[in-house]
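All the letters of the sequence shown, read from the start, carry residue numbers 3 to 455 under our numbering.
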Amino acid sequence: MDATLVTAWTAICQQVSSAFTAPTVITFLHIATGWVLCRSKPTVTSLISTIGRSLLRHTAKHWTTYERFFYRARWSLPHVSRLLLVRVVAPLVESVGVERVIDLNIDDTTCGRCGKHVAFAAFFKDASVSNTLKKVIHWSHNWVIGCVAMRARFWSKWVIGLPVWFTLYRKPADCTRQTPFQTRQEIAADMIRQTREALPDWTLRVAADGQYATGVVVQAAAGARSNLVSRIRSDAAIYALPSKPRRTQRGRRPKKGKRLPTPKKLARRQKGWRTVEALVYGQWRKRQVLAVVCLWYHVGKDRPIKLLIVRDPSGEQKDDYMFCTDASVSDTDIIERFSGRWPIEEAIHDGKQLGGLEQVQGWCPRTVVRQAPMALIVQTLVKAWYLRHGVRAKSAQPCGTDWMPDKDHPSYLDMLATLRKVLWTNRININSTRRGRVRELLETLQFTLCAAA
């Protein structure tokens, strides 16, 4: 069984093999497996020590080959992302997902770095410790990430995040003719267009935070035959739909109707509210909603949007102001898609805490662009392996504990632990009579355990 699961892991990694040359594919497999097994910072030397070069036998390469994989090897990160989406994520959604839809969530995060010579590092706001009273900035990289959210049939209430797109935001001073400056919103728009080009026959839906509620993102979503769910400003200038001109009326047809009250003022209305039940963060919740079809001309021009004001009947949460660029989408779907953005936060958190997204040591331009995303690429491969194969193993099933009796789905750490157990079990043969191999295994295990301390 373990050998079959190991073969399945290798097969999933090879789904993106066409992005690499023949020699580089083997290097990628070694790095991906070492990344899974590594319990310390994912430096190249740590990956080599964890996977054990001597255990790779004839497939082992010189340690400089693994270093060159990031700064010299011929491969493209966008090409890997496209293959990851088309050959890994899309088939996974089709086989184990609840519905055949690509829900693309977009967000950005900062990864702290040290050293003034690290390429493309700059001062960015640290959203994890900033609040309305103080703004904290730190020396870091700023990554814009596109993540596909899906519900598996095994756990229909749990939304799983599968990172697929990764683009480093660069300040104007770091841009060149080959890499012109792009805002975060323009990067997000490119991700939407690339997703549509990669999957032309799929239903595509986009969700993003309020900073991506701009004209360039709305236009990209419309051009990709998609719709966007995001947050709208509470003081947004919204307008009624233009009235049809009379036959005798002369002149240009009006583009917008009369000015409406801001969303915050509309929330004071007593009439027009109705109660709906939606799946919010894995729990069925009742919400009061007020829907208004209008124009947000500053962002969507003459494209009608559905403004949705969402209120918690218990009063524990503040009112939320959302919108969808497709006015025909139901209120429940808008609420569920907006709350369904949480998996990208989990994916980023897991990438930093368990994947070493914030601990990579590369500093030259090409390494910076390639090395950190590898943590999220490996995360997607691990989740795909678990949902397709690892979930069948008895040891992989989530078990309730005394401190968490209601646990009904695995965390990413559970998935990672399952794959690590499979890989180590396959590598350690208790019936082996070769003392040299046993000694090499013990040395590798010793490094892995000590490095994790």
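Note that beta-carbon positions come from the ideal geometry of N, C-alpha and C, so glycine has one too.
Residue-level contact to chain D via CB, residue i, 8 Å cutoff
i: residue 368; result: No chain D appears in the structure shown, which is made up of a single protein chain.
Expected contact under 8 Å - CB spacing of residue i and residue j to nearest Å
i: residue 164; j: residue 177; result: Not really, about 29 Å apart at Cβ, beyond 8 Å.
i: residue 373; j: residue 362; result: 5 Å
i: residue 222; j: residue 195; result: 6 Å
i: residue 198; j: residue 227; result: 7 Å
i: residue 307; j: residue 327; result: 6 Å
i: residue 160; j: residue 284; result: 6 Å
i: residue 295; j: residue 329; result: 5 Å
i: residue 302; j: residue 218; result: So it is not a contact: roughly 11 Å between Cβ atoms.
i: residue 102; j: residue 181; result: So it is not a contact: roughly 35 Å between Cβ atoms.
i: residue 115; j: residue 141; result: 6 Å
i: residue 365; j: residue 64; result: Actually they are not in contact, since the Cβ atoms of residue 365 and residue 64 sit about 22 Å apart, beyond 8 Å.
Opposing strand residues paired with residue i [DSSP bridges]
i: residue 306; result: 297
i: residue 139; result: 127
i: residue 361; result: Residue 361 pairs with nothing; no bridge assigned.
i: residue 279; result: 288
i: residue 323; result: 311
i: residue 229; result: 207
i: residue 171; result: 144
i: residue 241; result: 261 and 297
i: residue 103; result: 205
i: residue 150; result: 106 and 164
DSSP state of residue i mapped onto helix, strand, coil
i: residue 116; result: coil
i: residue 15; result: helix
i: residue 165; result: strand
i: residue 455; result: Residue placement at residue 455 cannot be trusted, given a pLDDT of 45 that sits under 50; what the coordinates show is reported in the next sentence. In the structure shown, residue 455 sits in coil (DSSP, three-state: anything other than H, G, I, E or B).
i: residue 20; result: helix
i: residue 155; result: coil
i: residue 111; result: strand
i: residue 6; result: helix
i: residue 188; result: helix
i: residue 255; result: coil
i: residue 351; result: helix
i: residue 374; result: helix
i: residue 410; result: coil
i: residue 133; result: coil
i: residue 471; result: Outside the displayed span of the chain (3 to 455) sits residue 471, for which this structure offers no information.
i: residue 391; result: coil
i: residue 182; result: coil
i: residue 199; result: helix
i: residue 45; result: coil
i: residue 272; result: coil
i: residue 80; result: helix
i: residue 247; result: coil
i: residue 36; result: helix
i: residue 89; result: helix
i: residue 341; result: helix
i: residue 416; result: helix
i: residue 318; result: coil
i: residue 212; result: helix
Status (buried if at least 16 other CB within 10 Å, exposed otherwise) for residue i
i: residue 486; result: Outside the displayed span of the chain (3 to 455) sits residue 486, for which this structure offers no information.
i: residue 74; result: exposed
i: residue 407; result: exposed
i: residue 1; result: Outside the displayed span of the chain (3 to 455) sits residue 1, for which this structure offers no information.
i: residue 391; result: buried
i: residue 381; result: buried
i: residue 388; result: buried
i: residue 411; result: exposed
i: residue 51; result: buried
i: residue 455; result: Caution is warranted here: a pLDDT of 45 is assigned to residue 455, below 50, making its placement in the model unreliable, and the coordinate value is therefore given only provisionally. Exposed, by the Cβ-count rule.
i: residue 139; result: exposed
i: residue 125; result: exposed
i: residue 175; result: exposed
i: residue 37; result: buried
i: residue 31; result: buried
i: residue 360; result: buried
i: residue 385; result: buried
i: residue 352; result: buried
Is there contact between the region 131-147 and the region 88-95, where contact requires at least three CB pairs shorter than 8 Å?
The region 131-147 and the region 88-95 do not touch, with fewer than 3 CB-CB distances between them shorter than 8 Å.
Is it a yes or a no for the region 225-241 touching the region 257-264, going by three-plus beta-carbon pairs under 8 Å?
yes
Three or more C-beta pairs closer than 8 Å, one from the region 206-222 and one from the region 95-115: is that the case here?
yes
Check whether the region 420-430 and the region 3-13 are in contact - that is, three or more C-beta pairs closer than 8 Å.
yes
Inter-stretch contact at 8 Å, needing at least 3 Cβ pairs: the region 67-83 / the region 37-52:
yes
With a cut-off of 8 Å, do at least 3 Cβ pairs link the region 313-320 to the region 127-137?
no
Touch check for the region 19-34 and the region 80-89: three-plus C-beta pairs under 8 Å?
Segments in contact, yes.
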